[in-house]
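Engineer: Before I ask anything, let me first share the structure, which is written out below as structure tokens.
Protein chains: 2
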Amino acid sequence: MKGKFNKLLASGLTVLLLSSATSALAQSDEAQDAIEYRQSALQLIRANFGVMADMVRGDVEFDAAVFAQKSKNLSHLAHIPWDGFTGAGANTSEGTDALPEIWEDWSDFEQKAQALVDASAELALAAEDDNMGQIRAKFMATVQTCRECHNNYRAD
Amino acid sequence: MKGKFNKLLASGLTVLLLSSATSALAQSDEAQDAIEYRQSALQLIRANFGVMADMVRGDVEFDAAVFAQKSKNLSHLAHIPWDGFTGAGANTSEGTDALPEIWEDWSDFEQKAQALVDASAELALAAEDDNMGQIRAKFMATVQTCRECHNNYRAD
């Protein structure tokens with residue numbers, strides 16, 4: 001009787017362990033996908049930012065067409081990373097620079113994300129004209145939206 | 001005399017080898033950046049496509065808000081990969097599925113890229129309304145623009 005019970009218990013535990021292992025694995029896959037998604041999007045943003053920053057700093061000669069293209073890319077990409085912070089398994093900062101405050105202060109985080117969308121749209125508009133003072137001002141305003149979010153929600 | 005000449009030759013060869021190694025390395029870094037850029041962008045496109053495809057196929061229940069969001073993401077991302085095929089070092093298909101024909105038939109490639117931009121914008125517009133027939137038609141038209149480009153310019 002005891003043997004039978006132990007066998008039943010063992011079999012029950014195996015099912016339990018297997019199902020929780022499966023669920024942990026599924027969650028981890030989803031989390032990994034979400035993290036990769038947002039990190040890829042932020043990396044693409046950084047790549048476009050870098051080209052513009054070099055020009056604004058004067059490290060690379062200003063090329064109006066290239067700057068306009070990168071600012072247009074940025075204004076599109078500004079919409080993208082945020083889906084990678086939502087959905088099943090996405091609310092994890094494990095092994096990343098994302099701080100848990102993102103999900104605690106979600107509406108503030110969303111506002112700061114929207115600030116990048118708005119500022120980069122204004123930058124892309126400014127980049128269509130040949131007014132370097134205006135371009136520089138809009139670029140710095142865009143950089144400021146990055147900083148305000150990173151200061152609150154990024155570890156480094 | 002012979003020894004001196006050999007030494008000079010060796011030193012010259014070293015300089016030559018070092019400088020071409022540096023140049024090969026620089027080009028390879030730029031190529032690597034370009035490849036990563038376009039592959040990241042295409043991967044983000046795929047991620048958004050996947051969610052919509054599951055819903056269009058009926059594998060996942062249609063969620064109008066999620067579909068609209070993904071189609072909007074796609075319409076932004078449709079602008080992004082192409083910069084990763086241009087610029088110094090970018091015109092390489094080495095170790096990727098990109099075919100050399102991309103750079104041989106550049107204006108056709110650009111037209112096919114623009115077709116995705118146009119079709120995905122129409123899809124995002126259709127996704128604002130609750131007309132499943134229209135959404136499906138615009139989704140299939142968008143898929144077709146992917147296929148037409150991949151058939152000509154992707155190895156697999």
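Chains as they are written, first to last, in my numbering: chain A, 1 to 156; chain B, 1 to 156. Positions of the beta carbon are idealized from the N, C-alpha and C atoms, including for glycine. It should be emphasised that the depicted structure is a prediction, and the values quoted were computed from it without experimental measurement.
(1) Here's the rule: buried if 16 or more other CB atoms are within 10 angstroms of the residue's CB, otherwise exposed. What is residue 100 of chain A?
(2) State the start and end residues of the unbroken alpha helix (DSSP H) segment that holds residue 154 of chain A.
(3) Using DSSP with H/G/I as helix, E/B as strand and the rest coil, what is residue 98 of chain B?
(4) Taking all protein chains shown into account, decide if residue 65 of chain A is buried (16 or more other Cβ within 10 angstroms of its Cβ) or exposed.
(5) Measuring alpha carbon to alpha carbon, tell me which residue in B:38, B:32 and B:71 is nearest residue 136 of chain B.
(6) Beta-carbon within less than 8 Å of residue 82 of chain A's beta-carbon, same chain only, minus the 5 sequence neighbours each way: which residues are those?
(7) Which residues, taken in chain order from the segment 26–46 of chain A, show a beta carbon closer than 7 Å to some beta carbon of chain B?
(8) Judging by CA-CA distance, which residue of A:33, A:36, A:76 and A:58 is the nearest neighbour of residue 48 of chain A?
(9) Within the same chain, show all residues whose beta-carbon is closer than 8 Å to that of residue 115 of chain A, passing over the 5 residues directly before and after it, in chain order.
(10) Using a Cβ-Cβ cut-off of 6 Å (strictly less than) and excluding sequence neighbours within five positions of residue 120 of chain B, which residues of its own chain qualify?
(11) Classify residue 165 of chain B: buried if its beta carbon has 16 or more other beta carbons within 10 angstroms, exposed otherwise.
(12) Note down, in chain order, each residue of its chain lying with its Cβ closer than 6 Å to the Cβ of residue 122 of chain A, except the 5 sequence neighbours on either side.
(13) Identify the contact partners of residue 59 of chain A in chain B, using a Cβ-Cβ distance below 7 Å as the criterion.
(14) Applying the 10 Å Cβ sphere with the 16-neighbour rule, what's the burial state of residue 133 of chain A?
(15) Is the beta carbon of residue 103 of chain B less than 7 Å from the beta carbon of residue 91 of chain B?
(16) I believe residue 128 of chain A touches residue 68 of chain A by the beta-carbon criterion, under 8 Å. Please report the beta-carbon distance rounded to the nearest angstrom.
(17) Using the beta-carbon of each residue, which ones in chain B are nearer than 7 Å to residue 73 of chain A?
Structural biologist: In terms of the structure at hand:
(1) Answer is exposed; the Cβ neighbour count stays below 16.
(2) No alpha helix (DSSP H) contains residue 154 of chain A, which DSSP labels as neither H nor E.
(3) In this structure, DSSP gives residue 98 of chain B an extended state, which the three-state scheme calls strand.
(4) With fewer than 16 other Cβ atoms within 10 Å, it is exposed.
(5) When each option's Cα is compared against that of residue 136 of chain B, the closest is B:71.
(6) Cβ within range, chain order: 38, 110 and 113.
(7) Against chain B - using a Cβ distance shorter than 7 Å - the residues of the segment 26–46 of chain A are 37, 40, 41, 43 and 44.
(8) Of A:33, A:36, A:76 and A:58, the residue nearest in Cα terms is A:76.
(9) Exclusion of the five residues before and after residue 115 of chain A leaves 145, 148 and 149 as the residues of its chain whose Cβ lies within less than 8 Å of its Cβ.
(10) The residues are 74, 75, 78 and 142.
(11) Outside the shown range of chain B, which is 1 to 156, sits residue 165 of chain B, and nothing can be said about it.
(12) In the same chain as residue 122 of chain A, and ignoring 5 residues on each side of it, the C-beta atoms closer than 6 Å to its own belong to 138, in chain order.
(13) Those do not exist, as residue 59 of chain A stays about 16 Å from chain B at its closest Cβ, beyond 7 Å.
(14) Residue 133 of chain A comes out exposed.
(15) Cβ distance < 7 Å, so residue 103 of chain B and residue 91 of chain B count as in contact.
(16) Indeed, because the Cβ distance is near 6 Å, the residues count as touching under 8 Å.
(17) For a Cβ distance threshold of 7 Å, residue set 79, 80 and 83 of chain B lies close to residue 73 of chain A, ordered along the chain.
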